[in-house]
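Protein chains in written order, with this note's numbering: chain A, 1 to 304; chain B, 1001 to 1363; chain C, 2001 to 2347; chain D, 3001 to 3508.
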Amino acid sequence: MTQLDLASLITFIPAILRVTTPILLAGLGVLISSRAGVLNIGVEGMMLSGAFAGVVVSAATGSATLGFLAALVVGGALGAALSFAVHVLKSDLILSGIALNMAAAAGTTLLLFMLTGDKGMSGSLSSQVLPSLTIPVLAGIPVLGTLLSGHHILTYAAFLAVPGVGLFLMRTPMGLRLRAVGENPESAEIAGINVRRVQVGALVASGVFAGAAGAFLSMGYVSWFSQNMSAGRGFIALAAEVMGHGSATGTMFASLLLGIAEAASIALQGVGLPSELMQTVPYLVPVIALVVHARRRQRLLARA
Amino acid sequence: MIRSAFASFVITAVLLVLVVGIVLVPIAMSLPDPLAVLDTFVFGPFRNPRHTGNIIEMATPAMMCGLAVAVMFRAGMFNLGVEGAFFLGGLATVATVLLVPLPAFAMAPVGILVGAIVGSSVCVVPGYLRARYEASELVSSLMLNFAALFIGLFVVNYFLRDPAAGAMVSYKIPNDAKLPKLIAGTRIHLGTLIALAACGLGAVYLFMTRAGFEARIVGSNPSFAAHLGLPIRSILLRSQVIGGLIAAGAGGIEMLGLYQRFSWQSLPGNGWTGVVVAILARDNPILLIPAALFLSYLQVGGDLIARNFDVPSEAVGLIQALVLIVVTAQAIMRNPRLLRFVAGSKPATNAAKETKAVEGGVA
Amino acid sequence: ASTGAALADGPKKVVFLVNGNLGDKSFFDLGAAGLKEIKAKYGDAVETKVIEMGTDQTKWMPTFEDVSEQDWDLIVSSTFEISDIIGEVAPNHPDKTYVLVDGVVPYENGGYDNVYSVVFKQNEGSYLAGILAAGLLKDGTIPADQGSSIGFLGGMDIPVINDFLTGYVEGARSVNPDIKVAISYAGSFNDAAKGKELALAQYRTGTAIGFNVAGLTGLGQLAAAKDVGKWALGVNSDQEAIFKESDPAMAAKVATSMVKNIDVSILRAYDLFLEGKLPTGKVEAIGLAENAVGLVETGNFVTLVPEALKKQIADARAGIIDGSIKVTSAFGLETDKLNALRDSVRP
Amino acid sequence: MTDRPIIAFAGISKTYGNGTLALDDVSFAIRPGVIHAVCGENGAGKSTLMKILFGLEQPSAGSILLDGEAVAIASPRVAADRGIGMVHQHFSLVPSLSVAENIVLGQEPRRGAFLDRAAARRRVEDLARRYNLAVDPDAVVRTLSVAAQQKVEILKALSRDVRVLILDEPTAVLTPPETDELFERLRDMRATGLTILFISHKLREVRALASHVTVLRAGRLAGDAPLAAIDDEAIARLVMGQAAGPALKRGGRVSGAPRVQLSGVHLKARDANDRIDGIDLTVHAGEILGVAGVDGSGQRGLVSLLTGRAQPTAGSIAYEGQPTAGLGTAALRRLGLAHLPADRFQDGGSKRMTLVENAIAGAHRLAAFSSGPFLKRRAMETRTEEMIARYKVRCPGPNAPLSALSGGNAQKLIAAREFATEPRFMIADQPTRGIDVAAAAFLHERLSELAAKGGAVLLVTADLDELLTLSDRIVILYAGRIVARMENEPGLTPERLGPYMLGLESAA
Ligand SMILES: Nc1ncnc2c1ncn2[C@@H]1O[C@H](COP(=O)(O)OP(=O)(O)OP(=O)(O)O)[C@@H](O)[C@H]1O
Ligand SMILES: Nc1ncnc2c1ncn2[C@@H]1O[C@H](COP(=O)(O)OP(=O)(O)OP(=O)(O)O)[C@@H](O)[C@H]1O
Ligand SMILES: [Mg+2]
Ligand SMILES: [Mg+2]
């Protein structure tokens, strides 16, 4: 980034969207679970497992679509597994989530080794990737083209899912029930809602989103699976959901902020400051944003 | 009461055998000597004093991090800064003993103290932001953990790095600064006693002092605390300071107890262990001790089989994950029928007694 | 000193202790490959085992102590982090032989007659990679519209990574004194997505060819190179080969890889050990002369690199071996000097 | 009208998981189209029986017959399908949802995949019109007054085509006009053939509304009779197992110097129900000043000002002549403030902590309970045992968690704590809401005693009987202002207060 002109800013935008996509997808998953009162700490593990499943199944079938579906199914299945631990075994929600993350890290590595003889990555598998989309007319327009066209299909999916999840939560009967269950399960029970069924559904849906986030890593960003490739994004997604105050658009803006901070820290590597300090940027920016936001909210409340 | 505690213990033990069996037996069966694998996992840690020592060494930071988590959770703060505080505490301790000229006897105590103070910031800052601005401590502590990591790496790179070393590590910790070993043939060091004492003091603090009582009131019902006129913000902050000091002090103790130099290049994970231990111990400082020992025992047993047989280390990770879920499974641990079966008594009669007691109180 | 006399009959036992986890595509995987090669060569005459000790450093010492008490003949481990531990354990087990790859025990203190240390001069190999990268730009093999600078993507700002960097920069400068090098560190060795993003940022700002030294993170550079149609340089093992079958288009963008033959060196150590000629009690620094590091000269290298450049690389190689070219090492280099070097090539 | 019972309980017993025997072999029947009252002390098992009927709890023994046919009511869903609706003692609304959303929750009208909000609103409006209960379908429940929430609860129960409506202490939070209004509606509903099960601690209400009464005592059936065949004294005897003591007489108290003075106090609050809009008020030593008003008239704001949890946006408060500006709860408590909060589990204590901890909290820094930084656990325990004995708190022991107590017993423990400091100024906010007659009388005595000893008491209550029994003077709040001030003279009746409370008249 030698010159900060408009052009270089615009080329920056696809990077932001790429970095944001997995956080946003996983963040929406966290959102659904937390609104149902079962905060999914296991997104990290579900993401990793989704990334793995996508690669393996697409390599086995030669179909990116099937691989992607497998990522969703595996994410969802792990959501069901977490729900089994929480609802049937009545284990601690947080601890079960942590355990799921541990199990996913160990399990994917073990399976990878059994399939390929390599614990590091799946380079020997000819897995498929999901495409990027060029939008015919838009692509030609100078600035707008860069902004809106040429992104990965899951980037579009993630941003389109924002109104989807928002409408689901706020405007559909299921969303209403889900929110009621999350806020006051006894009341929901009294209203004749099967609380457990709603929470199971929420965890499965949450897992599906996490699976999609994982697929973006292994079938979008790169075309292989590598050990622990989710690299903590699940936890960043948790942060995004909390920062977004439990709404889909809020989660989107928080994810974008986190994405911008990360993309900025990447771009700033060139300026020659110690790399360690540049790497703190994506973590300090959200804290600062959180405080600024909280202060403003406090002031508004005080004035009201 | 005691009988039911014993019953839960028996159930835990049986369950563990089951879980380990489910994962381990198929693997063991594929090896030449399946029984030896199981035997090593279960009894191995006690056959060699060094291995038993490993359990205790490993439990030491787990207890302290668990205590830090418990103290903060009890005050109602979901502060995950223990991970970063442990890291930064270890670093600041090493930096102090390396950079500050100190007489030999003062190195360890001053080092750990400075480490505790510096490292605690990772817990205190989120605590302050929450108390002052109501900013989510979950998010800020999660983020500051990583910020602490990279700031720490920066400090190592620019101030502590031993250029003669082939890695990004500090100069060697002077021998005078190291914590004395307690038992020959093991690495058990003074830190273990400190950790045990800390858990004891933690229990005293939470359950026997005014300050701890106030923290628990705030944690269990902030509105009640406000009703009583307790200074909620300063109580919250005080809890985070205590938690942060314990976590960061644990990092310093770990460094001076077991390490030759500061050589962490990523977060060491003890904070997460602390969360797990605290949940297992239901935030009770005394129960932290068996909880930490238990987790470490599983870990050492797992390491032993991974080391001595062709059991992949990932299989050990899977076992540990399953164990975590199972030992907190209320459906199993609190199952009345199971408890009755194990304890051999009928709760129905207990219930009758209890009901009478309640009614007796009426007259 | 020699340990050959201590050998008894029956299969020899060799163990490799991984102070981390396998799958790093670097030290550990290559070490494990070394043990496989030993097994392949000696069959039933040898028993080999790889033990993963994990990332918790407090577990490393107990593992070393256990293993040293067991009946292993040769105990192999790698990275500098393990030096202190071998330094403590080895003197207590004089009947065992230790091989320390990429680390050194303090021989000057005495008592290390049973430890063989071997360090790799990756800076020599990287020097050649630097020549290649700058050379491809200079001679127009990579057209100027692809960019004018070269890139370096490191896992972390640590000595063993920077040892690649110093050689790379010096090699490139030997071709073009004004060459610019975009340098980034990922802060992680397993985040391929971040690696790709960092590489894309370099390519976006004028880097035409980049060198990744970041384990699994670094592989992200290959995906970036494929996306933008620029060039990548692999490390440690032949990265073109990894994707040759599964993703030929990506493999096609790997100009070459700078390999570090850790596996070969372990096999060689075992050969010497059997012959009783393992030079324990001292450190061996091996580089181009020993064929321990070097460029992959098959695959894309053959077709991409013009003859003149090939010759230039060969000349430099000869110069390094005969000592006429000195390559700076990052080991022992102060942070200030390293920063000065990095500043001098910043685009 | 047939005589076959619509509901019959046959030998119902219930033992909770913790071993509490809440119901013991209870059998009685309810005839269709009547209003049937169920009475009993706190913890007698009334709510438990109703929860069983509504499918929220399962009986340990016995069965329920609907129209003579034994049915298993496995969940509220089954109950709803059988035409049973319930208005719960504790609200079961979801605070962040709108009125309409709460009412349709569980059987939402759809348009395609979406919730049909217009239809939901229409359904609520239809219901409101049919039962003459006015509510705003779009209001968010959190912002509603308790009375309005009660209406929503009732509409929600009625929205499912019920034949049987269970009302568990529906009047506990209502003012007399609101109660009268509700009773009108209930009579209308009965006229349309609805069967109503009505739970109340107030005999007056039972007599005004019901035609049949069943009394439970300690989980057993104590009596079952048509109201025409039983007098109040007999019912009271069945409820308590003994005759009621003499009712408390007010008066005889001499008020002294001003203790707390508010002049021109304003409070701007986020919640309009909590606003205070210019109040001048003095509470004297030795008097009980009653504050009446429809719920949401500013009571919460007034209490939070007096307890130091909010600071006036204008005007000033003085405590024994000293201005209290800037003082928080802790400082005021040191000056002699005590507070019996309206929401006992929200503010009054911590459910998860033990009785000892709940009873001593706040006093724990006193020398009696701590030495240096340490607590004296033994002293705390002894003290709590005394409180339990004196306040007749029904509990398993001092180290049981507060959650193990019924609301009434929890309230007694909290009162014991607040009275223990011998306060100079006591704020009693709905002190006997939902509490049985004996316990209420006991708390009334304590308040009276405190005033007699020279304490100043501010009594905020929606129960006009309580207000008229205890108060020396009365002020009525409406929309954050005082609309009437009166001496509590013998002739004063609830009917006289009603118009002020509804804001129809003003005399201040
Ligand atoms: N969920 C529960 N678990 C354990 N015990 C319970 C539970 N619910 C009620 N109880 C106990 O059962 C007994 C009967 O309670 P119930 O709520 O039916 O009384 P009630 O007659 O409705 O009293 P109130 O007038 O206070 O509402 C009480 O002793 C109560 O403590
Ligand atoms: N798990 C439990 N263990 C013990 N008691 C419980 C439990 N859950 C609820 N209770 C008690 O049982 C009662 C439940 O019935 P209900 O809700 O009618 O009582 P309440 O209205 O709170 O009591 P009160 O009528 O005295 O105000 C409550 O008093 C509650 O405190
Ligand atoms: Mg009740
Ligand atoms: Mg009640």
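All C-beta atoms, glycine included, are put in the ideal place defined by N, C-alpha and C.
Remember, predicted model here, so these are calculated numbers, not experimental data.
Residue environment: Ile-236 (chain A) is assigned as buried (16 or more neighbouring CB atoms within 10 Å of its CB, all protein chains considered). Contact note: Gln-2122 (chain C) does not reach chain B at a C-beta cutoff of 7 Å; the least C-beta distance is about 11 Å. Taking the Cβ atoms as the reference, Arg-3163 (chain D) lies roughly 4 Å from Gly-3083 (chain D), within the contact range of under 8 Å. Take Leu-1138 (chain B), set aside five residues on each side of it, and the residues of its chain with a beta-carbon closer than 6 Å to its own are Phe-1078, in chain order. Ala-1184 (chain B) sits exposed, since fewer than 16 C-beta atoms from the chains shown fall within 10 Å of its C-beta.
Only buried fits Ala-1250 (chain B), as 16 or more other CB atoms lie within 10 angstroms of its CB. In this structure, Phe-3419 (chain D) sits away from Ala-3456 (chain D), with a CB-CB distance that is not shorter than 8 Å. For the region 3344–3418 of chain D, the full-length alpha helix (DSSP H) segments reaching 4 residues or more read 3355–3360, 3377–3390 along the chain. In this structure, the straight-line span from the alpha carbon of Val-3104 (chain D) to that of Leu-203 (chain A) is close to 24 Å. The continuous alpha helix (DSSP H) containing Asn-1308 (chain B) extends over residues 1285–1308. For Arg-1161 (chain B), at least one C-beta of chain C is nearer than 8 Å to its own C-beta. A straight-line Cα-Cα distance of about 11 Å links Gly-107 (chain A) and Lys-119 (chain A). Exclusion of Ser-3255 (chain D) from the 7 Å shell around ligand 1 follows from its C-beta lying no nearer than that to any non-hydrogen atom of the ligand. Contact of His-3339 (chain D) with chain B by beta-carbon distance below 8 Å involves His-1227.
Here the C-alpha atom of Glu-2307 (chain C) lies approximately 15 Å from the C-alpha atom of Leu-2128 (chain C).
Using beta-carbon distances, Asn-1221 (chain B) counts as an interface residue toward chain D, with a partner under 8 Å. If you check the CB distance, Trp-2072 (chain C) and Val-2118 (chain C) do not come in under 8 Å. Inclusion of Tyr-3016 (chain D) in the 7 Å shell around ligand 1 follows from its C-beta lying nearer than that to a non-hydrogen atom of the ligand. By the criterion of at least three beta-carbon pairs nearer than 8 Å, the region 3085–3104 of chain D is not in contact with the region 3020–3035 of chain D. Exclusion of the five residues before and after Ala-180 (chain A) leaves Ala-188 as the residues of its chain whose Cβ lies within less than 6 Å of its Cβ. The straight-line gap separating the alpha-carbon atoms of Thr-3195 (chain D) and Gly-3407 (chain D) is approximately 28 Å. Asp-3025 (chain D) sits in a strand when the DSSP states are folded into three classes. For Phe-2331 (chain C), the secondary structure class from DSSP, reduced to helix, strand or coil, is coil. For Val-2169 (chain C), the enclosing alpha helix (DSSP H) has its first and last residue at 2159–2175. For a Cβ distance threshold of 7 Å, residue set Arg-1210 of chain B lies close to Ser-3370 (chain D), ordered along the chain.
Along the region 221–238 of chain A, the positions whose C-beta sits under 9 Å from a C-beta of chain B are Gly-232, Phe-235, Ile-236, Leu-238, read in chain order. Linking Ser-91 (chain A) to Leu-3467 (chain D) through their CA atoms gives a straight-line distance of about 49 Å.
Looking at the backbone, the Cα of Asp-2227 (chain C) and that of Ser-2026 (chain C) are separated by about 25 Å. The three-state reading of DSSP puts Tyr-2270 (chain C) in helix, counting H, G and I together. By the Cβ test, the region 262–281 of chain A is not in contact with the region 1120–1127 of chain B, since fewer than three Cβ pairs between them sit closer than 8 Å.
Met-3426 (chain D) is bridged by DSSP to D:Ala-3338, D:Val-3457. If you check the C-beta of Thr-3432 (chain D) against ligand 1, you find no heavy atom less than 7 Å away. Taken in chain order, the members of the region 2141–2157 of chain C whose beta-carbon sits within less than 7 Å of a beta-carbon on chain B are Met-2156, Asp-2157. When rounded, the separation of the alpha-carbon atoms in Asp-3465 (chain D) and Arg-3365 (chain D) is 38 Å.
The beta carbon of Thr-3354 (chain D) does not come within 8 Å of any beta carbon belonging to chain B, so the residue lies off that interface. Sorting B:Leu-1035, B:Ala-1116, B:Gly-1191, B:Asn-1048 by C-alpha distance to the C-alpha of Tyr-1259 (chain B) places B:Gly-1191 at the top.
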